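Just below is one structure, and these are the notes that go with it.
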Amino acid sequence: MCCPGCRAVAGLIAANGLESFYQQRTAYNQRPEQDEAPARDRYLVYDDPELAATFTTTDAHGAASARLLLGGMTCAACTWLIEQTLGRLAGIHSARVNLQQSRLDISFDPGQIALSEIFSRVDALGYRVRPFQASHQRQQMQDEYRSQLRRLAVAGLGMMQVGMFAIALHAGDIQGIESQYQGLLRWVSLIVASFVVLFSSRPFFTTAWRHLRQGTLVMDLPVALAIGLAWLASVWATISGTGQVYFDSVVMFTFFLLLGRFLEQRVRQRNALSWFDAESTLPDAVATRRDGQWVTLPRSQLQAGDVVLVKAGATVPVDARLCVGTSAVREDTFNGEHLPRSVSVGDTIYAGTVNLEAAIEARVLGSYRDSRLAALQRSVEQAQGEKPRLAKLADRIASWFVAAILLITSATALAWSQIAPEQALWISLSVLVISCPCALALATPAALTSAANALRHAGVIVRGENALEALARTTHLIFDKTGTLTEGSLQISTVQPLAGAKEAELLAIAAALQQYSSHPVSRAFSDISPAPGWEQVDYRVGAGLEGRRPDGNYRMGSEQFCRQWAPALPPPPDQRRYWIALCRAATPLAWIGLDDRVRPEAAAVVAAARSAGLAVELLTGDSSAQGPLLAKELGIEQVETGLQPEQKMTRVQALQAAGSVVTMVGDGLNDAPVLSLADASFAVAGATDLARTQADFVIVGEDLDSVISTWRKARQCRRIILENFSWALGYNVCAIPLAALGYVPPWAAAIGMSLSSLLVVANSLRLNNTPRS
Amino acid sequence: MESLYLLIPIALLFCAIAIKLLLWAIDSGQYDDLDKEAWKILADDEPARPDAESPDNDAREDKP
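So the sequence lines, in the order shown, correspond to chains A and B. Under the numbering used here, the residues of the first sequence are numbered -19 to 753, in order. Under the numbering used here, the residues of the second sequence are numbered 47 to 110, in order.
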């Protein structure tokens, strides 16, 4: 079990007799995030009929149906778990999960079960859930997916038909065939093939044309040329009753290529998290004062000037100015750090940060659109647009491939027009068909699909389109500090007794006091059994804890707080750690040092990256001395501290402008813009949703080693792609002279094409073997 | 061999019908989720238990 959440879910699964989830899941789930608020309360707002109406519809029989978006689904077993759990609740008519779109369609009786109950039930299983808002982009993705499938289906069925006729024609070429039947077979092939070319191959032509007009040559151009010319030649041969037809090659080529691309895209779009944006971290229900009463309103109805109540542990819903209370907010959203900032009346608190210590009231400054969080989301979107497009290997090869083929074909035509003018046309055409870039065009998608599959089994989800190629060419590896190189939570690292008491005894006292605190520091003490005998413990917001026991009064907290009682308290031992003081009345007892523990594998990962020749950098939002110290410990030379998200972007842009290919590893919301800007990016275990959305690779497992193993896989993938290309080109180099001499009949062309494509696919499948070194 | 003039059009007709059906199935969303449906056949389709009203009221208490 990785966390208490898992234990709860395992208990829930077992209690429902759904144990087979564990046999049937095919991938590990993403680690659930810790949440503070009780599930049900967070979703009560959806019971509001007005809000519910925006995503539910009610039919004539009183059954309501709602569409919800799910986060954190990794495999089909998740869909089964959700469907089974919900299907057993009274009042649910049906629950259907669409894994590809992470969508839950649910039909229920509003009289028997409330929406909030459904929400919290799904939440209890460990999935994030929110209303499905139809977005233009999502609709587009769905349409695109369907039209790809339609093209593939038509090409597949057409290929079978044309292939059947082609076998008869090829046999006829060898054995002899009456010309009327040859004509018939050619004409039906023409009809079917033309339909396939017009219907299924259209995207190749449009893409090639679009890029040609912009002056770039892409892989689709030789593809479109091959399909178009072979088809035209065959049509001419059919009409004129001379020459040779290549309808089977045309259709087969179309099908193979569509299939390759479809599979490649599907692997990437699986587990797509594109539905997530920064706004969805904010609570939907907000307690607001209206006419002297606290009412719960949907967040969208807040206006500037409203007073909102933010409970301890809750996320701040809007940018606001504090008007009642003191507390501390954790602003890891903006700086990636977990140590909170103390706030008091008059301070501004930002949407998306977490209020830790005490309930506060704050006056709303503006709508979501004006907030600092929205600015972060905008810079994410801006970064997506600014991400440098590395030219794809395939496209770079395509440009000179086209030139070479056209040159050879013209040379052939010229030569044959001297030798035998009546043969010139057919032989130059056969050169074009033989040089069909089928294997060439399949070289990349086959390898990428195979690599992405292998990585998925190793616990890394590949999302970015060009990510594997970019990663293989990477020159700079940049890490975030907190949560990426470190574990992201404070642990007790050292205790310095000041008055001779035993360490264990001091820790037990500290643990007892910390039970009364909600500061993130208190989690570090939760494993220690607390000392007994306390009469009273008070929590002083922004300062520390004060407790009374028969043997004296204790204080624990900041330096100033303890020095009020114990002026003899020495200053904290060093700057490296986060220190808490403990004193009994005027006697200083101890300094307890807390540390964010470095991930055990971090040093090995950095060493491996350096020995592989990558430049390693550390960019952190933490401005303390810890960044440089950590860098030194791990052997990272280049380090920059105290960076805002925008400054991290500037750094990466500077590197990119100097010609480096940058891979970024991060976890926080604040890393999201830089993750989407980097040429390739990783979101590590426990990363925020927004970071996962923007990263090209999502590490599902725990260890940072995956960064290096993924890099190795990407290099291997690049090698395989190059092998595929050299094979495909080598095949052409051998076959084209034969065709130019007029030795290759159409059936040999078809077989040669299929065999070279199969070889490329088989070679790519080698990427699936995962020797875990 | 004259039968080819009849048989081939019939084959084409069947092919057209098959394409039509497939396109209809795609458009009606039956292929929207290839991952789940391929896998679903392995899942036991247990009937809802009679005590469906109280299957898991422990869900929230168990939450961390």
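Ideal placement from N, C-alpha and C gives every residue a C-beta, glycine not left out. Just so it is clear, the structure is predicted and the values come from calculations on it, not from any experiment.
Assigned exposure category for residue i - 16 Cβ within 10 Å defines buried
{"i": "Gly138 of chain A", "result": "buried"}
{"i": "Leu387 of chain A", "result": "exposed"}
{"i": "Trp559 of chain A", "result": "buried"}
{"i": "Cys303 of chain A", "result": "exposed"}
{"i": "Asp123 of chain A", "result": "exposed"}
{"i": "His41 of chain A", "result": "exposed"}
{"i": "Leu106 of chain A", "result": "The question names Leu, but residue 106 of chain A in the sequence shown is Gly. Buried, since its Cβ has 16 or more Cβ neighbours within 10 Å."}
{"i": "Leu747 of chain A", "result": "buried"}
{"i": "Val825 of chain A", "result": "With chain A represented from -19 up to 753, any question about residue 825 of chain A goes unanswered, as that position is not in the structure."}
{"i": "Met140 of chain A", "result": "exposed"}
{"i": "Cys58 of chain A", "result": "buried"}
{"i": "Leu738 of chain A", "result": "exposed"}
{"i": "Thr328 of chain A", "result": "exposed"}
{"i": "Pro417 of chain A", "result": "buried"}
{"i": "Met199 of chain A", "result": "buried"}
{"i": "His437 of chain A", "result": "exposed"}
{"i": "Glu613 of chain A", "result": "exposed"}
{"i": "Ala658 of chain A", "result": "buried"}
{"i": "Trp691 of chain A", "result": "buried"}
{"i": "Leu73 of chain A", "result": "In the sequence under discussion, the amino acid at residue 73 of chain A is His, which differs from the Leu named in the question. With fewer than 16 Cβ atoms within 10 Å of its Cβ, His73 of chain A is classed as exposed."}
{"i": "Thr186 of chain A", "result": "exposed"}
{"i": "Val275 of chain A", "result": "exposed"}
{"i": "Asn749 of chain A", "result": "exposed"}
Within chain B, partners of residue i - CB distance below 7 Å
{"i": "Thr37 of chain A", "result": "Going along chain B, no residue has its Cβ under 7 Å from Thr37 of chain A, so there is no contact; the nearest lies around 17 Å."}
Where residue i meets chain B, residues with beta-carbon distance less than 9 Å
{"i": "Val134 of chain A", "result": "Ile65, Leu68 and Leu69"}
{"i": "Gln80 of chain A", "result": "Asp78, Asp79, Leu80, Asp81 and Lys82"}
{"i": "Thr59 of chain A", "result": "Asp79, Asp81, Lys82, Trp85 and Lys86"}
Chain-ordered chain A contacts of residue i [CB-CB under 7 Å]
{"i": "Leu50 of chain B", "result": "Tyr161 and Leu164"}
{"i": "Ile72 of chain B", "result": "Arg126, Leu129, Arg130 and Ala133"}
Beta-carbon neighbours of residue i, restricted to chain B and to distances below 8 Å
{"i": "Leu137 of chain A", "result": "Cys61, Ala64, Ile65 and Leu68"}
Chain D contact for residue i (CB, 8 Å cutoff)
{"i": "Leu58 of chain B", "result": "Checking the listed chains, one finds no chain D in this structure; the protein chains it contains are A and B."}
Got a sec: which bits of the stretch 140 to 169 of chain A sit with their beta carbon under 7 Å from any beta carbon on chain B, in order along the chain?
-> Gln141, Tyr161, Leu164 and Val168
Could you give the uninterrupted runs of the alpha helix (DSSP H) lying entirely in the stretch 413 to 438 of chain A, keeping only those of 4 residues or more?
-> 418 to 437
Do the stretch 310 to 329 of chain A and the stretch 272 to 283 of chain A touch if we need at least three Cβ pairs shorter than 8 Å?
-> no
Minimum length 4: unbroken alpha helix (DSSP H) runs contained in the stretch 337 to 406 of chain A = 352 to 366 and 373 to 399
Closer than 9 Å, Cβ to any Cβ of chain B: which residues of the stretch 235 to 248 of chain A, in chain order?
-> Arg246
Note down, one range per segment and in chain order, each beta strand (DSSP E) of at least 3 residues found wholly within the stretch 473 to 522 of chain A.
-> 516 to 520
At 3 residues or longer, and completely inside the stretch 593 to 660 of chain A: list those beta strand (DSSP E) runs for me, N to C.
-> Counting whole runs of 3 or more residues, the stretch 593 to 660 of chain A contains the beta strand (DSSP E) stretches 595 to 599, 618 to 620 and 642 to 646.
Assess, as a yes-or-no matter, whether the stretch 213 to 220 of chain A is touched by the stretch 415 to 430 of chain A under the definition of 3 or more beta carbon pairs within less than 8 Å.
-> no
Using 8 Å as the Cβ pair cut-off and three pairs as the minimum, do the stretch 187 to 194 of chain A and the stretch 76 to 83 of chain B touch?
-> In short, these stretches do not touch, since the Cβ pair count stays below three.
Are at least three pairs of beta-carbons, each pair with one atom in the stretch 661 to 669 of chain A and one in the stretch 640 to 648 of chain A, less than 8 Å apart?
-> By the Cβ test, the stretch 661 to 669 of chain A is in contact with the stretch 640 to 648 of chain A, since at least three Cβ pairs between them sit closer than 8 Å.
Do the stretch 564 to 574 of chain A and the stretch 592 to 604 of chain A make contact, defined as three or more Cβ pairs closer than 8 Å?
-> Result no; under three Cβ-Cβ pairs closer than 8 Å.
What alpha helix (DSSP H) runs, 4 residues minimum, are completely inside the stretch 70 to 134 of chain A?
-> 95 to 104
The stretch 621 to 632 of chain A contacting the stretch 469 to 486 of chain A, beta-carbon criterion three pairs below 8 Å = With the cut-off at 8 Å, the stretch 621 to 632 of chain A and the stretch 469 to 486 of chain A do not touch.
What are the start and end residues of each continuous alpha helix (DSSP H) run of 4 or more residues lying completely inside the stretch 651 to 712 of chain A, in chain order?
-> 652 to 657 and 669 to 674
Decide yes or no for the touch test of the stretch 32 to 51 of chain A against the stretch 78 to 98 of chain A: beta carbon pairs closer than 8 Å, at least 3 of them.
-> yes
Three or more C-beta pairs closer than 8 Å, one from the stretch 684 to 701 of chain A and one from the stretch 438 to 458 of chain A: is that the case here?
-> yes
Touching by the beta-carbon criterion (3+ pairs, under 8 Å), the stretch 584 to 591 of chain A and the stretch 501 to 517 of chain A = no
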